[in-house]
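**Student:** Chains as they are written, first to last, in the working numbering: chain A, 1 to 179; chain B, 180 to 358. Positions of the beta carbon are idealized from the N, C-alpha and C atoms, including for glycine.
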DNA sequence: CATAACATGTAATGAGTTACATGATTAA
DNA sequence: TTAATCATGTAACTCATTACATGTTATG
């Protein structure tokens, strides 16, 4: 349950409206913790009820822009949450289910899906490489920059790992020497 | 929504009871698509209602073992589902939120969490390597074996990628030349 | 002033988890 | 015969998504 904490962090960086947060709330946040605007508005209301953030306008200001900012209590809550342990999320991908099922009920033309996935990971890798070149000319400038660059490198590694696997998978599925 | 299809695949391989499926329903399935027994029993009921699987005993046989098997319609449904496209799941990990937040509100002692995560990925990698050595002496024996081995290799790649990233991350966070 | 774009919100649904309830079988 | 274990199931709750509803501001 880290959406509220992602929002707190984004608002500590700089006050923003709900819609600004919803538009992938930050160059870096949106890539690894996306959320719909409905989710974000709900969480913002909860964070306000808990006294962690505040805005000028009162509740149910439909149509009127509300700019949110984090309070001191919000900052404390975030700092306490950061070092908490939680279990590693397991690899959970329908593609693995499809492959495993394909091993049982025989060839089904899965190759096209693999190629589509490969393309999407290649595109994302190119996007991340563009961000790296543009936003991190000096990644060791200070601690904050170094950690942001580290998070971006996680994305680069993630896409690279998938591209490697999918290339491997296409080789196996298209191998005429099998089956 | 691939749990029902994972169950169909497992039952096509060999009929099983709900509990047997719940105990990570298969050496290979459980590692990349886990599910609680409550979820599994609910899905089994739905699959039965849809005429895709069947068992001998009638419904609400509390305490009595029910062995499920897939029907022909279940096999058809699975074969039709396998090649369907769905979007690549994005990197979604609370650790990325923690790191990104750490870049904003300063050092918080996140290193211990990173070391714990590193340990858990190293353990899982060793587990997968053991499975590979034991169950895949000849990974190119036939198409089914080759695809199962491929899925295992995804797991190996996944753990390797995380170990690389976490090692990198510890270097950055513990670097005295920053911050 | 009409309409497009901006901005916030509710309702319904489904997936997944936690806690609990119940019955059958086996072993001390 | 009591306790542990196996086995199946219900209830309540949270998270996330989809669809929809409503009001405001800018622009032609």
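On the CB-based measure, 16 or more other CB atoms within 10 Å of its CB, does residue 65 (chain A) come out buried or exposed?
**Tutor:** Exposed.
**Student:** Tell me where the alpha helix (DSSP H) around residue 53 (chain A) begins and ends.
**Tutor:** Where residue 53 (chain A) is concerned, there is no enclosing alpha helix (DSSP H), although the beta strand (DSSP E) it sits in stretches over 53–55.
**Student:** Which residue comes first and which comes last in the alpha helix (DSSP H) that contains residue 336 (chain B)?
**Tutor:** From DSSP, the alpha helix (DSSP H) with residue 336 (chain B) extends over 322–352.
**Student:** Could you tell me whether any Cβ in chain A is nearer than 8 Å to the Cβ of residue 287 (chain B)?
**Tutor:** Yes, residue 287 (chain B) lies at the interface with chain A (some Cβ there is under 8 Å from its Cβ).
**Student:** Mind listing which residues of the segment 253–272 of chain B have their C-beta closer than 9 Å to chain A's C-betas, in chain order?
**Tutor:** Answer in chain order: 254, 257, 258, 259, 260, 261, 262, 263, 264, 265, 266, 267, 268, 269, 270, 271 and 272.
**Student:** Measure the beta-carbon distance from residue 293 (chain B) to residue 352 (chain B) and round it to whole angstroms, keeping in mind my assumption that it falls under 8 Å.
**Tutor:** Yes, they are in contact, since the Cβ atoms of residue 293 (chain B) and residue 352 (chain B) sit about 7 Å apart, within 8 Å.
**Student:** Counting beta carbon pairs with one atom in the segment 122–139 of chain A and one in the segment 151–162 of chain A, are three or more of them shorter than 8 Å?
**Tutor:** Yes, the segment 151–162 of chain A is in contact with the segment 122–139 of chain A.
**Student:** Look up residue 181 (chain B) in the DSSP assignment and say whether it is helix, strand or coil.
**Tutor:** Correct three-state label for residue 181 (chain B): coil.
**Student:** To test your reading of the DSSP string, which unbroken beta strand (DSSP E) runs of 3 or more residues are found completely within the segment 277–321 of chain B?
**Tutor:** As far as the segment 277–321 of chain B is concerned, it has no whole beta strand (DSSP E) run of at least 3 residues.
**Student:** For the segment 329–346 of chain B, list every residue whose C-beta sits within 7 Å of some C-beta in chain A, in sequence order.
**Tutor:** Cβ contacts with chain A: 329, 330, 332, 333, 334, 336, 337, 340, 343 and 344.
**Student:** Among the candidates A:140, A:8, A:178 and A:48, whose CA atom is the shortest distance from the CA of residue 79 (chain A)?
**Tutor:** Checking every option, the nearest Cα to that of residue 79 (chain A) belongs to A:8.
**Student:** Over the uninterrupted alpha helix (DSSP H) stretch that includes residue 212 (chain B), give me the two end residues.
**Tutor:** Where residue 212 (chain B) is concerned, there is no enclosing alpha helix (DSSP H), given that its DSSP letter is neither H nor E.
**Student:** Mind pulling the alpha helix (DSSP H) runs of 4 or more residues that sit fully within the segment 48–90 of chain A?
**Tutor:** Listed in chain order, the complete alpha helix (DSSP H) runs (minimum 4 residues) inside the segment 48–90 of chain A are 72–81.
**Student:** Mapping the DSSP letters down to three states, classify residue 221 (chain B) as helix, strand or coil.
**Tutor:** Residue 221 (chain B) falls in the helix class under three-state DSSP.
**Student:** Between the beta-carbon of residue 94 (chain A) and the beta-carbon of residue 265 (chain B), is there less than 8 Å?
**Tutor:** Cβ distance < 8 Å, so residue 94 (chain A) and residue 265 (chain B) count as in contact.
**Student:** Closer than 8 Å by C-beta to residue 196 (chain B): which residues in its own chain qualify, once you throw out the five before and the five after it? Chain order, please.
**Tutor:** Correct list, in chain order: 244, 245, 246 and 247.
**Student:** To which residues does DSSP link residue 16 (chain A) through a beta bridge?
**Tutor:** Looking at the DSSP assignment, residue 16 (chain A) forms a beta bridge with A:68.
**Student:** Specify the secondary structure class of residue 357 (chain B) as computed by DSSP and reduced to three states.
**Tutor:** In the structure shown, residue 357 (chain B) sits in coil (DSSP, three-state: anything other than H, G, I, E or B).
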